[in-house]
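Trainee:
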Amino acid sequence: ALPGHLLRVLLPLLTVFHLERAEDAARRAGLSTQPIWRKLWDDVMKTRPPNSESITCWRKKFLETFFSNVLHGVLDVSTDWRLNDRHFSPLLHSSPHVSQLTLCNMLQGAVELTAEHNHRVLENLAGSLRILKFRHLLSCDQSVRRSLVLLLHRLIHHGSVSQVSLYSWPVPDTVLLVLILTMSAGFWRSGNALACHGSPCGLCREEDKGQSQESAQEGAERSCNAEQEGSGGENQKRSPKEADAHMDSALSGPRSPPLQNPACEETSSEVPCGHSSIQGGSSPHSSSEQLSCHPIPRKTRRRLKPAVGRKRRCLRRSRGHYADPEDLYDFVFTVAREDNSGLLDKTRTTERENTENWTSSSPGSPCTGHAGCKKRGGPAGILSLKAAQRFRSVSTLELFSVPLTGETCRTLSNLLSSWVSLENLVLSYNGLNANISCILSGLRALSRHPECRFRALRVSDVFSHMPCMELVRCVLSALPQLHTLSISFDLKNQLEAGRPEAHPGCSEAEIPESCLEVLEMRFPREPLHTALLLPVLKASKSLQQLSLDSATLPCPQELGLLLEVLKECTPNLKKLSFHDVNLAEHQKEVLLLLQDPGLQEITFSFCRLFESSTAEFLSEIINTVKRNSSLKSLKLPGNRLGNHRLVALADIFSEDSSSSLCQLDVSSNCIKPDGLLEFTKKLEGHIQQRGGQLPFTHLRLFQNWLDQDAETAQEALRRLRAVCSVVNDAWDSSQAFADYISVM
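Read left to right, the sequence shown gives residues -22 to -1, 1 to 722 (mature numbering (1 follows the signal peptide of the UniProt record, and there is no 0)).
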């Protein structure tokens, strides 16, 4: 209730606890607390946050980082009077603002968060946390893994986490990795004692009550139906539907829990356990039936709703019985270590795999040209998930620098095959090689699910197992519903002699019409053949963004052919990017792209545009952009612009220009402070001529030589920021030059 002028004076004098409580009062008085939170960041964190220009709420940024630092013991609250308040509980009061959290090393954070005294903190995180990251993990003992199980169960299965990311795990613990993947996919073994602070999970227990009531009602209905069926006489002639119903009634009688049912082992040689057998919601059987690989009749009485991607009830547990502590991780050990021969039906699944292969252009034309396509005689790594129940699962999975063995890839493939909530998958530097076929086998099975939401796949690695274009074609043949596909490789295969030859079924496959909107390809110095790209573009009528990185042009005419194909096949293309593609001898094609009325963003990054060009070429670029009213963003990093070319680019915004260009990127272009100041002055002159109206709003200046004259650079930046938003960095050009010389 304080007046605004008093609040303005008092806010900077408040502790974090009281500043947080005064937030609403400040908002009602029309006061912003952002400068105070920013000063708190500078005083307490003493670092510059990455991408600070994009931070919209310093309150959230500070409290989220503060929570992480306190949790990991790297911040002492007693060092600053604004944090040292007896009313202030650091983890409890900052947890509602935490939307992403990183757990590191020995998972000490997981142990702390699942401790009894942090119960309310964990409840807050269950509602606020969206992204959970793991970085630099190490092997840990069973008690720590148990804490991780409780954390994942609460934050994923009964919480709001939608993304799980793993970073930098050079030698992953197989059991721990599979545990994280399995619980992220929503699987967990219902027989485990998922105890929260010494008692079964309260949320599961409450949901169990509802399921118990449902089960009782279903049991009564089943008894009633059985009486009606029995009254008709056992020898009465039945219709086919009635016969099926009778068989279902016989098989769905009193069932023992999946773990205690020996039928799975007995019938494993009769019933194939392919991907379709565990697709959540894809068949009209309960999750426990799907995972148990029971012999299942063709028809059942009722169809259960799919369990994946939403909160589901745990299977009802017998009261008073808790699993042995050693039993808690049996499921994970089984998943990680079980011999593949015991998990596959080697006769029927091999037959199916021969007719449905991830590289086939259509069902019935398998690819035999790549290692991994048909290895191990069946679908990739069917897991023993017969005792698992499905809970809520995440929609994004990211694995960065986490090596995946063949066994782990088969595990992941099987999880992917029924992970219908999954929308985005990022696999970066995992050493996949031929195991990429295993991953795509699971994704192909997932794509057949009617509730599949998978839309984005990003794969990057050091070595490519097959030519980049061939892999793109195979992926799109298997996953036509993809909206985003990114394929990136640094180098070709280590041993060229061991490199698999292209299989005709892959390279000549007819690609079905796809939903692709974004296509990014990073070639390991492979030639860009438009003829191979043509079928992809023809099938991608919805393509809006195309990025080509590190490709070589086999002949001078190749780029011209590509432009013709793009104009003919991709009418909706809005963004086109070339990175590290030598365009020094393709000035005509560059100008054609700049005058394309359909493109809104063009990037020529490190393309050596001006390596052998004349002054006339720069003038033609400027005049072309001036006449193009549809181009909004032009990015020219790493093209040796220098001072004089930067100054010339200011004429794009002259009085006679019809350009709508609002973003210009001239990073890494050897620009010096005096050149930037001259560019600024010329730009100011054009603004005056146009009556103060200029569409230009953003300028990027990363990694230029602005440190050579700090005073001139500051003046130029100050005047530029009055015109547009400027993004630059404190780059040491002398050190960068020294580094460049050292590796020459």
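The C-beta atom is built at its ideal place from N, Cα and C for all residues, glycine as well.
Treat the numbers as computed from the prediction; the structure is a model and nothing was measured.
Can you find at least 3 beta carbon pairs, one from the segment 46 to 53 and one from the segment 86 to 103, that sit closer than 8 Å?
Mentor: Taking 8 Å as the limit for Cβ pairs, the verdict is that the segment 86 to 103 does touch the segment 46 to 53.
Trainee: Comparing C-alpha positions only, which one of S125, T80, N560 sits nearest to I109?
Mentor: For the purposes of this step, residue 109 is identified with residue 131 of the sequence shown, where counting begins at 1. When each option's Cα is compared against that of I109, the closest is T80.
Trainee: If you scan the segment 387 to 461 from start to end, which runs of the alpha helix (DSSP H) of 4 or more residues do you find wholly inside it?
Mentor: Taking only runs of at least 4 residues, the alpha helix (DSSP H) segments lying wholly in the segment 387 to 461 are 414 to 425, 446 to 456.
Trainee: Which term fits G137, buried or exposed, when burial requires 16 or more other beta carbons within 10 angstroms of its beta carbon?
Mentor: Here the question's residue 137 lines up with position 159 in the sequence shown. Classification for G137: buried.
Trainee: Start and end of the alpha helix (DSSP H) containing I580?
Mentor: Working through the sequence shown from its first residue, we reach residue 580 at position 602. Note, I580: premise wrong, no alpha helix (DSSP H); beta strand (DSSP E) at 579 to 583.
Trainee: Answer yes or no: do S637 and V603 have a C-beta to C-beta separation smaller than 8 Å?
Mentor: In the sequence shown, the residue the question calls residue 637 occupies position 659. In the sequence shown, the residue the question calls residue 603 occupies position 625. Going by C-beta atoms, S637 is nearer than 8 Å to V603.
Trainee: Using the beta-carbon count (16 or more within 10 Å), is S646 buried or exposed?
Mentor: In the sequence shown, residue 646 corresponds to position 668, counting from 1. Classification for S646: buried.
Trainee: Skipping 5 residues on each side, what residues in its chain have a beta carbon closer than 7 Å to that of L69?
Mentor: Residue numbering aside, residue 69 sits at position 91 when the sequence shown is read from its first letter. Here the set comprises F45, V48, L49, N96, V99.
Trainee: Taking only runs that begin and end inside the segment 668 to 708, name each unbroken beta strand (DSSP E) of 3 or more residues, in chain order.
Mentor: DSSP runs (the beta strand (DSSP E)) wholly in the segment 668 to 708: 676 to 678, 703 to 705.
Trainee: When you compare only the Cα positions, how much space is there between R103 and T11?
Mentor: Reading the sequence shown from its first residue, position 125 is the one you call residue 103. Reading the sequence shown from its first residue, position 33 is the one you call residue 11. Sequence check: residue 103 is Leu here, not Arg. Straight-line Cα distance between these residues: approximately 24 Å.
Trainee: Below 8 Å on the Cβ atoms is my contact criterion, and I expect H664 with A691 to pass it. Report the Cβ-Cβ distance as a whole number of Å.
Mentor: Numbered from its first residue, the sequence shown carries residue 664 at position 686. Numbered from its first residue, the sequence shown carries residue 691 at position 713. Their Cβ separation, rounded to whole angstroms, is 21 Å, which puts H664 and A691 out of contact at 8 Å.
Trainee: Does C452 pass the burial test, meaning 16 or more other C-beta atoms within 10 Å, or should it be called exposed?
Mentor: Counted from its first residue, the sequence shown places residue 452 at position 474. C452 should be labelled buried.
Trainee: Quick one: is G105 buried, meaning 16 or more other Cβ sit within 10 Å of its Cβ, or exposed?
Mentor: Along the sequence shown, read from residue 1 onward, the residue named residue 105 stands at position 127. G105 comes out exposed.
Trainee: With distances taken Cα to Cα, identify the nearest neighbour of L126 among A93, Q565, V76.
Mentor: Residue mapping note: residue 126 aligns to position 148 of the sequence shown, counting from 1. Among A93, Q565, V76, the Cα nearest to that of L126 belongs to A93.
Trainee: Would a C-beta distance cut-off of 8 Å place I134 and R370 closer than the cut-off?
Mentor: Position 156 of the sequence shown holds residue 134. Position 392 of the sequence shown holds residue 370. Against a cut-off of 8 Å, the Cβ pair of R370 and I134 comes out as a contact.
Trainee: How long is the line joining the alpha carbons of residue 724 and T675, rounded to whole angstroms?
Mentor: Examination of residue 724 is not possible in this model, given that the chain is present from -22 through 722 alone.
Trainee: Considering just the uninterrupted stretch of the beta strand (DSSP E) at K111, what are its terminal residues?
Mentor: Against the sequence shown, residue 111 aligns to sequence position 133. 109 to 113 is the extent of the beta strand (DSSP E) around K111.
Trainee: Any chance the segment 587 to 596 sits against the segment 651 to 659, with 3 or more Cβ pairs inside 8 Å?
Mentor: Output reads no: the segment 651 to 659 does not touch the segment 587 to 596.
Trainee: When the Cα atoms are used, what is the spatial distance from P490 to T386?
Mentor: In the sequence shown, counting from the first residue as 1, residue 490 sits at position 512. In the sequence shown, counting from the first residue as 1, residue 386 sits at position 408. Cα to Cα, the separation comes out at about 30 Å.
Trainee: Using a Cβ-Cβ cut-off of 8 Å (strictly less than) and excluding sequence neighbours within five positions of K610, which residues of its own chain qualify?
Mentor: Translated into the one-based positions of the sequence shown, residue 610 becomes position 632. Q578, E579, S638, L639, C640, Q641.
Trainee: Hey, out of K650, F432, S635, whose CA is closest to N601's CA?
Mentor: Translated into positions along the sequence shown, residue 601 becomes position 623. Of the candidates K650, F432, S635, the one whose C-alpha sits nearest the C-alpha of N601 is S635.
Trainee: For the beta strand (DSSP E) containing Q120, name the first residue and the last one.
Mentor: Position 142 of the sequence shown, counted from the first residue, corresponds to residue 120. Taken as a continuous stretch (DSSP letters only), Q120 belongs to no beta strand (DSSP E), being part of the alpha helix (DSSP H) at 120 to 130.
Trainee: At which residues does the alpha helix (DSSP H) containing M499 begin and terminate?
Mentor: For this step, residue 499 is matched to residue 521 along the sequence shown. Here M499 belongs to no alpha helix (DSSP H); instead the beta strand (DSSP E) covers 496 to 500.
Trainee: Look up T57 in the DSSP assignment and give the residues it is bridged to.
Mentor: Counting from one through the sequence shown, the residue named residue 57 turns up at place 79. Its beta-bridge partners do not exist; DSSP assigns none.
Trainee: Among all the DSSP beta bridges, which residues are the ones paired with F165?
Mentor: Position 187 of the sequence shown, counting from 1, holds the residue named residue 165. Per DSSP, R368.
Trainee: From the DSSP output, read off the bridge partner residues of S611.
Mentor: Position 633 of the sequence shown, counted from the start, is the residue given in the question as residue 611. Its beta-bridge partners are E579, Q641.
Trainee: From the DSSP output, which residues share a beta bridge with M143?
Mentor: Sequence index remark: in the sequence shown, residue 143 carries index 165 (1-based). A small fix is needed here, since residue 143 is Ser in this sequence, not Met. Looking at the DSSP assignment, S143 forms a beta bridge with K111, E376.
Trainee: What are the complete beta strand (DSSP E) segments, minimum 3 residues, inside the segment 47 to 94?
Mentor: For the segment 47 to 94, whole beta strand (DSSP E) runs of length 3 or above, ordered along the chain, are 78 to 82.
Trainee: If we require 3 or more residues per run, which beta strand (DSSP E) segments fall completely within the segment 517 to 575?
Mentor: DSSP runs (the beta strand (DSSP E)) wholly in the segment 517 to 575: 523 to 527, 553 to 557.
Trainee: Would you say the segment 52 to 65 touches the segment 117 to 132, given that touching needs at least three Cβ pairs under 8 Å?
Mentor: The segment 52 to 65 vs the segment 117 to 132: no contact.
Trainee: So the candidates are E90, E598, F467, A412; which of them puts its Cα closest to the Cα of S498?
Mentor: Here the question's residue 498 lines up with position 520 in the sequence shown. The amino acid occupying residue 498 in the given sequence is Glu; Ser does not appear at that position. Comparing Cα-Cα distances from E498 to each of E90, E598, F467, A412, the minimum goes to F467.
Trainee: If contacts are defined as beta-carbon pairs under 8 Å, then V568 and L614 qualify, I think. What distance do you get, rounded to the angstrom?
Mentor: Here the question's residue 568 lines up with position 590 in the sequence shown. Here the question's residue 614 lines up with position 636 in the sequence shown. Not confirmed; about 11 Å, so no contact.
Trainee: Return the residue from the list T160, R(-2), A4 that minimises the CA-CA distance to S72.
Mentor: As a first step, residue 72 must be located in the sequence shown, where it is residue number 94. Comparing Cα-Cα distances from S72 to each of T160, R(-2), A4, the minimum goes to R(-2).
Trainee: Flag this pair as yes or no: are the beta carbons of V112 and V(-7) separated by less than 8 Å?
Mentor: Locating residue 112 in the sequence shown gives position 134, counting from the first residue. Locating residue -7 in the sequence shown gives position 16, counting from the first residue. Just to set this straight, residue 112 is Phe in the shown sequence, not Val. Their beta carbons are not under 8 Å apart, which means F112 does not touch V(-7) by this criterion.
Trainee: Among the residues of its own chain, which have a CB less than 8 Å from the CB of L(-16), if the five just before and after it don't count?
Mentor: The residue given as residue -16 occupies position 7 in the sequence shown. For L(-16), where only same-chain residues beyond five positions count, the Cβ hits under 8 Å are A(-1), A3, A4, A7, L9.
Trainee: Quick one: is P13 buried, meaning 16 or more other Cβ sit within 10 Å of its Cβ, or exposed?
Mentor: Stepping through the sequence shown from its first residue, residue 13 is reached at position 35. Answer is exposed; the Cβ neighbour count stays below 16.
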